[in-house]
């Protein structure tokens, strides 16, 4: 059985030597039996799938939280003490939280699996001399694969035959221009981008045909090497997960210490051991914000749903919040800031210049003169011949499917087809009227393409396109608007080309010869015989919303940087158009070579100064992200190619493209954009900030209640007094208010001006000083109010259950009023408006119904040891709640 040689050697061997090495056949390929044996030996031609937890493991992971551990321990202890109602409520809260988290993770994975299913590849392979269509995963070393325009390369191949084969390797190298391939021998240890006799897995054939021998599959391909880099890049904790983990550890330690101290004090005072132990458990349960894990999950899940409506699919829940803390966005150029579609924007003829209207994705639009007057193809003969040359001297194809136009072939040729179609010269009609008789194909050495066409009258026409300089060598005259020949004005043509190139446009010249013969159509006979018809200038246009999205990010204090594998000039031109280089200066654009030459000590300053990084390698992208993170930045990195994957994994938020992105990029990313648009990232950042706001609002709202309940229990134990509220009643408060009131904050709409704030400092505490002061104030009001009301009710002859019922209802009513205040941490409750969040209204109504049942239903009285209270008690509860609300409003007003 053969053993493939190291891949680096294949480009240095002749094709027949590679065939012998792999024991294959350059014409018949492998036998079916041999292919089956090799598949067993080498495994499927696929990268290892992302390891995902099974259903059981995913469910168990929902319980991995310090606060949940305390709740589970408390539930177990209450079962041991025979307090089954308490245990049931505690475990019920834990199970609800776990189910919510499990369902959301499952939903996110299902969304990603839907994206993966779009990427399955079928390939043409020759086995036993016959062509077959097989799944790319079934390819093995030694297989003979056929390639043609539009094919995705399924494995690493050493070319055995090629005919004008060009491959777009941007997914692997980041270079947007298709690369011409050949089947000759190369020498030396060449980089991937220079191995012209090799084609690599994940790249795309744009033009021509070819056949190649599979030399590497699966993890041994170049794509597999980048997959290894992805695995080496570790996933960072997000700002929220770090803060919540620290907060939970501190809170858990504090709760356990306080409960232990309370138990010890009770024993020292000679109180009953079991009663004291139950009280200590009640204290622990009272202080724990049981709803926090569930609300965090639900809030993030709501953020996921909102982002999905704005074309962003979240793969990992914490990424929602991390987007809100993002300080730097590193964006790819092609397909993210631009449309990833070459578009002709101007056509110059020897008589005048025309501007092209409409987008490059449809034939809608047309051509206009400088003063805006529309023009047709028959209004200028030179224009017509230029557009006809671009459409007929062309190997690309345009197809319309479900109202969308799709290009098969070279993007540049596709742009020339589309601009011709804008004036009615559709590709199919052009080919019928001007059938091709012969072709001189484009090559990098030739720098032009020429085709010979029958003119329908027994004669022939030559049409050509190519670089301006080379086409001027072929032309001996130029065409005016009336279709007459005139002397070639070389200088005027070069000036026009220079002006167009200065606008960041790629320029091609077109030419015609209408009196051609088949005998004269030879490469050495063309120079000086063609007539120049004009210039077509094109570029990959910026997305319509890119500039405004970048401006919105800047106003939000977020720095945007472009990191691309494309050329520096092209990247700088796009950066200027989208507003990244408003005032370009020294160091604003850096190339990969310049980065490599920088000393380590100068890297950070250079990275912060530059806005555009061009011609960078995958390792350099990763290095840039690491440098920014080392400086304390929260980095969001966008990309679509395999070469982007390591940096996507390393970034705080990796953002992959859903339409044009590779499977490796999607697997490495935290978020996938279904529309591949940079503006969607800005929208996702906005949603992420809203998520963090809502989590902060919930914590600000729930902690005073938990702390207040804990202090009530603590004071009772320390002073040897009767508990104003029982453990079961505490659990009732925590469960119902978290579900009916707290969850409503997760649906709170984003506040005005949310993108006008600077990003949160990554090391800022979860609870700011103002929030801590607010929590302490409300906790004090709750403790004082509950004790006063409890003692007042007892002094007026109320029973112990009635007094406790009044105290419980005071907690709930104050929480309800405080909820309205917490809907905005900056604005007053009146300015927020009651009906801007219908879930708040519904939650308050549900909570009111629950409290009435808790107070007046006999079965609830039995379970929770409560009793009905009279209207006078409700008046006192309302008065205390009004006082608490007024104090909180004054404190908020002082802080605004």
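In the numbering used here, the protein residues as written are 47 to 942. Ideal Cβ placement from N, Cα and C applies to all residues, glycine included.
How many whole angstroms separate the CB atoms of residue 70 and residue 190, which I take to be in contact at a CB cut-off of 8 Å?
-> Contact holds; Cβ gap of about 7 Å.
Comparing alpha-carbon positions, which option in 104, 669, 271 lies nearest residue 201?
-> Considering only 104, 669, 271, the residue with the shortest C-alpha distance to residue 201 is 271.
Inter-residue CB distance, residue 712 and residue 869 (contact presumed, cutoff 8 Å) | Residue 712 to residue 869, Cβ: 37 Å. No contact.
CA-CA distance, residue 719 and residue 360?
-> Distance from the CA atom of residue 719 to the CA atom of residue 360, rounded to whole angstroms, is 9 Å.
Which value, in whole angstroms, describes the spacing of the CA atoms of residue 631 and residue 458?
-> 31 Å
Between residue 622 and residue 400, what straight-line distance do the alpha-carbon atoms span, to the nearest angstrom?
-> 23 Å
What three-state label does DSSP hand residue 700 in the structure shown?
-> strand
Can you tell me the Cβ-Cβ gap for residue 373 and residue 679, rounded? I've got them flagged as a contact below 8 Å.
-> 5 Å
With residue 523 and residue 553 assumed to form a contact (beta carbons below 8 Å), what rounded beta-carbon distance in angstroms separates them?
-> Going by Cβ atoms, the distance from residue 523 to residue 553 rounds to 20 Å, so no, they are not a contact pair.
Confirm, please, whether the CB-CB distance from residue 61 to residue 206 is below 8 Å.
-> yes
Taking 8 Å as the threshold, find out whether the stretch 853–871 comes into contact with the stretch 768–776 through three or more Cβ pairs.
-> yes
Applying the criterion that 16 or more other CB atoms from any shown protein chain within 10 Å of the CB defines a buried residue, is residue 87 buried or exposed?
-> exposed
So residue 330 packs on residue 296, CB below 8 Å; how close in whole Å?
-> Their Cβ separation, rounded to whole angstroms, is 15 Å, which puts residue 330 and residue 296 out of contact at 8 Å.
What's the gap between the Cα of residue 604 and the Cα of residue 617?
-> 20 Å
Could you round the C-beta distance between residue 585 and residue 633 to whole angstroms and report it? I think they count as a contact, below 8 Å.
-> So it is not a contact: roughly 25 Å between Cβ atoms.
To the nearest angstrom, how far is it from the Cα of residue 540 to the Cα of residue 513?
-> 11 Å
For residue 641, count neighbouring C-beta atoms within 10 Å of its own C-beta (all shown protein chains included) and say buried if the count is 16 or more, exposed if not.
-> buried
Since residue 560 is in the beta strand (DSSP E), which residue starts that stretch and which ends it?
-> Annotation: the continuous beta strand (DSSP E) that includes residue 560 extends over 552–562.
Alpha helix (DSSP H) containing residue 831: first to last residue?
-> 815–841
Is there contact here, the stretch 563–570 with the stretch 455–470, by at least three beta-carbon pairs under 8 Å?
-> no
Cβ atoms of residue 756 and residue 333: under 8 Å apart, would you say?
-> yes
Between residue 208 and residue 254, which are expected to be in contact by the criterion C-beta below 8 Å, what is the C-beta distance as a whole number of angstroms?
-> 7 Å
Looking at the unbroken alpha helix (DSSP H) that takes in residue 743, where does it start and where does it end?
-> 724–765
Look at residue 858 and residue 783 and say whether their C-beta atoms are less than 8 Å apart.
-> yes
C-alpha distance - residue 355 paired with residue 626, whole-angstrom precision = 28 Å
Quick one: what's got a C-beta closer than 7 Å to residue 160's C-beta in the same chain, skipping five residues either side?
-> Because residue 160 sits at a pLDDT of 44, beneath the cut-off of 50, its placement in the model cannot be relied upon, and the point is left open.
Alpha helix (DSSP H) segment containing residue 606, residue limits | Annotation: residue 606 is outside any alpha helix (DSSP H); the continuous beta strand (DSSP E) that includes it extends over 605–609.
Check whether the Cβ atoms of residue 29 and residue 716 sit closer than 8 Å, and answer yes or no.
-> With the chain running from 47 to 942 in the structure shown, residue 29 is simply not present.
Counting Cβ pairs closer than 8 Å, one from the stretch 228–246 and one from the stretch 505–512, do we hit at least three?
-> The answer is no - the stretch 505–512 does not touch the stretch 228–246, with fewer than three Cβ pairs under 8 Å.
Of the residues 109, 128, 105, 114, the one placed nearest residue 774, counting alpha carbons only = 128
Going by CA-CA distance only, name the one from 427, 864, 394, 589 that's closest to residue 791.
-> 864
With a threshold of 16 other CB atoms inside 10 Å of the CB of residue 320, please say whether the residue is buried or exposed.
-> Residue 320 is exposed by the Cβ-count criterion.
Under 8 Å by Cβ, that's how I've got residue 913 and residue 845 pegged, so tell me the actual separation to the nearest angstrom.
-> 6 Å
Give the straight-line distance between the Cα atoms of residue 164 and residue 759, rounded to the nearest whole angstrom.
-> The pLDDT assigned to residue 164 is 38, lower than 50, so where the model puts this residue is not dependable, and the model offers no usable value.
Cβ contact (3+ pairs, closer than 8 Å) linking the stretch 407–418 and the stretch 466–485 = yes
Once you ignore the five residues that flank residue 602 on each side, which residues in its own chain have a CB closer than 6 Å to its CB?
-> 801
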